[in-house]
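Student: Got a structure here, written out as structure tokens. Questions coming.
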Amino acid sequence: MALLQSVLCQVLSWKGICLVLNVVATGLVAVAAVWTLKLLVRHAWYTHKLSCFNKPPTHSWLVGHLGQSKSVGIFNNGEEWSRRRRLLTPAFHFDILKNYVAKFNSSANTMHDKWCRLVAEGQTTLEMFDHITLMTLDSLLKCAFSYNSNCQESTSEYVSAIVKLSDLIIDRRQNILHHWDWFYWKTEQGKQFKQALSIVHRFTREVVQKRRALINQQRETEAQSNRTKTPQRKKDFVDIILLSEDEDGQGLSDEEIQAEANTFMFAGHDTTASAICWTLYNLARHSHYQEKCRQEVMDVTQEQDGHEIEWEDLSNLPFTTMCIRESLRLHSPVQAVTRRYTQDMALPEGRTVPQGAICLVSIYGTHHNPAVWTDPHEFNPLRFDPTNAQSRASHAFIPFSSGPRNCIGQKFALAELRVVVALTLLRFRLTPGTNPELGSSSGGVRRLPQLVLRAEGGLWLQLEPLNPPNVKEPLDE
Ligand code: HEM
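Under the working numbering, the first residue of the sequence shown carries the number 22, and numbering increases by one thereafter.
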């Protein structure tokens, strides 16, 4: 007892407190020093190993290439990813995509109706990203959840939350302190992020739970009435992944399905919007190509009163498709992807990328490589004429990345692109517009690489309606 008392007196005395603080501070400094040393050694090792490769100039010795890379990073555990990928793949089968074409038509029609109204009111020049992003969100919600958000006409809480999250992600990347979770969640932006995220999660949770209940109810009705089938709804994305099972008969849990639905929404809406915007921009700048595409679309649709693009029409738009591909080359929505090497990778000339290194594959660089593409900055759809494409390396054109982790939604995206571009050309003549605030012409738009490729100051096009608005709503189901 006496011993304890004397120790306590020592510790609680001024001298004792100083001693304890001293020990704690020395410990912290030692930990920080070891940690810094470890980082420096690791950095030196990677610098040495990678010194045989060319690298771009750095902004400063301290931050290196930080902020120079814009990439889509979808990291998760390999086995987990491959199981999910297998379960998701049926949702992008041609038979399912066919059902989505009517939904693309319907969302494009809503947008074009709005454009006609705005033009009639005297607004002939519009910022494309604002309109087209809402349109792709609208159509994705119809395809993924059979949910009619009406987000092109009125504010939708869910859609606003998605747009907010995308803006906050870009903001966060630019502020180094915000990379630190503990700090970020205490900031105003962090709080807004959590709030928007909870809206998105609540929405998908409710959709998935309601759909599971509906499917279970349908099964029960079928079992009770001894019927093999009740009248079938057309299946959407949630249906397909709710019903899919792996080799062991295991499906995805509600939480996994929600996560996939969120990925689908985030990966699908602004990439496709960016691709549509830049295709329209490139066609606005090249009126002869625009006219050629319009003629092709008119030929294909004349038997249908020119009101709707159908699944079968998509393969009859070869020149329009070439223009879309050339636009994906020149203005790739995703500028780069990253990969972590799980093993040493030997390259020609005795060079090796060490295991653990993160490699950034520049899609922009690949698509503008002058060794592969003559006049790489020119918009020339004839590059994608099948006869010219044959002589090119298979990986010269990778807007959807390549390999097992490539874009699962690429056929979906290409179908939507063709429908929206075709309908737009049928109804409007496009010319480069002027940003009313900056007064600069769209003829000299600068790329703005954010989560996807956008345009500095927006992408403004002038619209001239070609026919009196006479758009029929196609049947969704
Ligand atoms: C023009 C439009 C699109 C472009 C340019 C694009 C581009 C890409 C790229 C480059 C990747 C690979 C990312 C990486 O390797 O790290 C990717 C992955 C992905 N994309 Fe797309 N995408 C588009 C549209 C879509 C659509 C419409 C959907 C869904 C409806 C979608 C869903 C996904 C998903 C889920 C992944 C992750 C695949 C995986 O990790 O297995 N994308 N996309």
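Just so you know, even glycine gets a beta-carbon here, dropped at the ideal spot from N, CA and C. Please read these numbers as outputs of a predicted model, since none were measured by experiment.
Can you round the beta-carbon distance between A305 and L451 to whole angstroms, since I take them to be within the 8 Å contact cut?
Tutor: For the purposes of this step, residue 305 is taken as residue 284 along the sequence shown, with counting starting at 1. For the purposes of this step, residue 451 is taken as residue 430 along the sequence shown, with counting starting at 1. About 4 Å; that satisfies the 8 Å criterion.
Student: Could you tell me whether the Cβ atoms of H398 and L351 are closer together than 9 Å?
Tutor: The residue labelled residue 398 in the question sits at position 377 within the sequence shown. The residue labelled residue 351 in the question sits at position 330 within the sequence shown. Yes, these two residues count as a Cβ contact at 9 Å.
Student: To which residues of the same chain is L484 closer than 7 Å at the C-beta, ignoring the five residues directly before and after it?
Tutor: By one-based count along the sequence shown, residue 484 stands at place 463. Cβ within range, chain order: W136, V140, T145, L147, F449, L451.
Student: Which residue from L472, C39, V466 puts its Cα closest to that of G454?
Tutor: By 1-based counting over the sequence shown, the position of residue 454 is 433. Of the listed residues, the one whose Cα sits closest to G454 is V466.
Student: Can you look up E100 in the DSSP assignment and give me helix, strand or coil?
Tutor: Position 79 of the sequence shown, counted from the first residue, corresponds to residue 100. Helix.
Student: Indicate, with yes or no, if the ligand HEM has a heavy atom lying under 8 Å from the CB of L304.
Tutor: Along the sequence shown, read from residue 1 onward, the residue named residue 304 stands at position 283. Not so, every heavy atom of the ligand HEM lies at least 8 Å from the Cβ.
Student: Looking at C-alpha atoms only, which residue of D334, L446, L482, L469 is the closest neighbour of N488?
Tutor: As a position in the sequence shown, residue 488 is number 467, starting the count at 1. Minimum Cα distance to N488 is reached at L446.
Student: Is V122 helix, strand or coil when you go by DSSP?
Tutor: Counting from 1 along the sequence shown, the entry for residue 122 is found at position 101. In the structure shown, V122 sits in a helix (DSSP, three-state: H, G or I).
Student: Near H307, what residues of its chain come up, given a Cβ to Cβ distance below 8 Å and the 5 sequence neighbours on each side ignored?
Tutor: Position 286 of the sequence shown, counting from 1, holds the residue named residue 307. Around H307: F400.
Student: Can you check the region 331–413 for any beta strand (DSSP E) of at least 3 residues that lies completely inside it and give the ranges in chain order?
Tutor: 357–361, 366–368, 372–374, 379–383
Student: Touching or not, the region 150–168 and the region 114–125, by the rule of three or more beta carbon pairs under 8 Å?
Tutor: yes
Student: What residues in its chain sit with their C-beta under 7 Å from that of V318, if we drop five residues either side in the sequence?
Tutor: In the sequence shown, residue 318 corresponds to position 297, counting from 1. Once the five neighbours on either side are set aside, the close Cβ partners of V318 are L338, T341, A443, L446, L447.
Student: Would you list the one or two residues that DSSP bridges to Q483?
Tutor: As a first step, residue 483 must be located in the sequence shown, where it is residue number 462. T146, T452.
Student: Apart from the five residues just before and just after T225, which ones in its own chain have a Cβ nearer than 7 Å to its Cβ?
Tutor: The residue you call residue 225 lines up with position 204 of the sequence shown. Contacts found: Q279, A282, N283.
Student: With H, G and I counted as helix, E and B as strand and the rest as coil, what does DSSP make of R106?
Tutor: Taking the first residue of the sequence shown as 1, we reach residue 106 at position 85. DSSP places R106 in helix when its eight states are reduced to three.
Student: Quick check: is the beta carbon of A476 nearer than 9 Å to any beta carbon in chain B?
Tutor: The structure shown contains no chain B; it is built from a single protein chain.
Student: Just to check, is the beta-carbon of S295 closer than 8 Å to a non-hydrogen atom of the ligand HEM?
Tutor: In the sequence shown, the residue the question calls residue 295 occupies position 274. Answer for S295: yes, Cβ within range of the ligand HEM.
Student: When the Cα atoms are used, what is the spatial distance from V329 to S336?
Tutor: The residue you call residue 329 lines up with position 308 of the sequence shown. The residue you call residue 336 lines up with position 315 of the sequence shown. Reading off the sequence shown, one finds Glu at residue 329, where the question assumed Val. One C-alpha to the other measures close to 15 Å.
Student: Using 8 Å as the Cβ pair cut-off and three pairs as the minimum, do the region 196–209 and the region 220–237 touch?
Tutor: Judged by Cβ distances under 8 Å, the region 196–209 makes no contact with the region 220–237, as fewer than three pairs qualify.
Student: Between the Cα of T387 and those of I183, T363, P420, spot the shortest distance and give me the residue it belongs to.
Tutor: The sequence position of residue 387 within the sequence shown is 366, counting from 1. Residue P420 is the option with its Cα nearest to T387.
Student: My guess is that S353 and L474 are in contact by the Cβ rule of under 8 Å, so how many angstroms apart are they, rounded?
Tutor: Locating residue 353 in the sequence shown gives position 332, counting from the first residue. Locating residue 474 in the sequence shown gives position 453, counting from the first residue. The Cβ separation is near 6 Å, so the contact holds.
Student: In the structure shown, what three-state DSSP assignment does L502 receive?
Tutor: Residue 502 lies beyond the range of the chain shown here (22 to 498); nothing can be said about it.
Student: Could you tell me which whole beta strand (DSSP E) segments of length 3 or greater appear in the region 300–327?
Tutor: none
Student: Which residues mark the beginning and the end of the alpha helix (DSSP H) in which R538 is found?
Tutor: The displayed coordinates of the chain run from 22 to 498. Any statement about residue 538 would go beyond what the structure contains.
Student: Please state whether DSSP places L472 in a helix, a strand or coil.
Tutor: Within the sequence shown, numbered from 1, the residue matching residue 472 stands at position 451. Here L472 sits in coil by DSSP.
Student: Distance check for K119 and E498, CA to CA, integer angstroms please.
Tutor: One-based indexing of the sequence shown puts residue 498 at position 477. One-based indexing of the sequence shown puts residue 119 at position 98. Legend: pLDDT at E498 = 42, less than 50; position of this residue unreliable, no value from coordinates given.
Student: Let me check understanding here. Comparing Cα to Cα, which of A294, P369, W299 lies closest to F433?
Tutor: Stepping through the sequence shown from its first residue, residue 433 is reached at position 412. The closest CA to that of F433, considering only A294, P369, W299, is found on A294.
Student: Roughly how many whole angstroms lie between the Cα atoms of V184 and V229?
Tutor: Numbered from 1 along the sequence shown, position 163 holds the residue referred to as residue 184. Numbered from 1 along the sequence shown, position 208 holds the residue referred to as residue 229. Answer to the nearest angstrom: the Cα atoms are 21 Å apart.
Student: Looking at P111 and the ligand HEM, is the gap between the Cβ and the nearest heavy atom below 8 Å?
Tutor: To locate residue 111, count along the sequence shown from 1; it is residue 90. No, the beta carbon of P111 sits no closer than 8 Å to any heavy atom of the ligand HEM.
Student: Check whether the region 368–377 touches the region 54–73, counting contact only when three or more Cβ pairs, one atom from each stretch, lie closer than 8 Å.
Tutor: Contact holds: three or more Cβ-Cβ distances are below 8 Å.
Student: Could you tell me if T110 is buried or exposed, where buried requires 16 or more neighbouring beta carbons within 10 angstroms of its beta carbon?
Tutor: The sequence position of residue 110 within the sequence shown is 89, counting from 1. Burial state of T110 is exposed, judged by a 10 Å Cβ sphere holding fewer than 16 other Cβ atoms.
Student: Within this structure, are the beta carbons of D435 and I345 separated by less than 9 Å?
Tutor: Position 414 of the sequence shown, counting from 1, holds the residue named residue 435. Position 324 of the sequence shown, counting from 1, holds the residue named residue 345. Reading off the sequence, residue 435 comes out as Leu, not Asp. Cβ distance < 9 Å, so L435 and I345 count as in contact.
Student: Helix, strand or coil for G430? Go by DSSP, reduced to three states.
Tutor: Numbered from 1 along the sequence shown, position 409 holds the residue referred to as residue 430. Look at G430 here: in three-state DSSP terms it is coil, with no helix or strand label.
Student: Using DSSP with H/G/I as helix, E/B as strand and the rest coil, what is S295?
Tutor: Along the sequence shown, read from residue 1 onward, the residue named residue 295 stands at position 274. Note: S295 maps to helix in three-state DSSP.
Student: State yes or no: is the C-beta of V355 nearer than 8 Å to some heavy atom of the ligand HEM?
Tutor: Here the question's residue 355 lines up with position 334 in the sequence shown. Checking the Cβ of V355 against the ligand HEM gives yes.
Student: If distances are taken between C-alpha atoms only, which option among R105, Q411, R194, R439 comes closest to E331?
Tutor: Counting from 1 along the sequence shown, the entry for residue 331 is found at position 310. Looking at the Cα atoms, R439 is the closest of the given residues.
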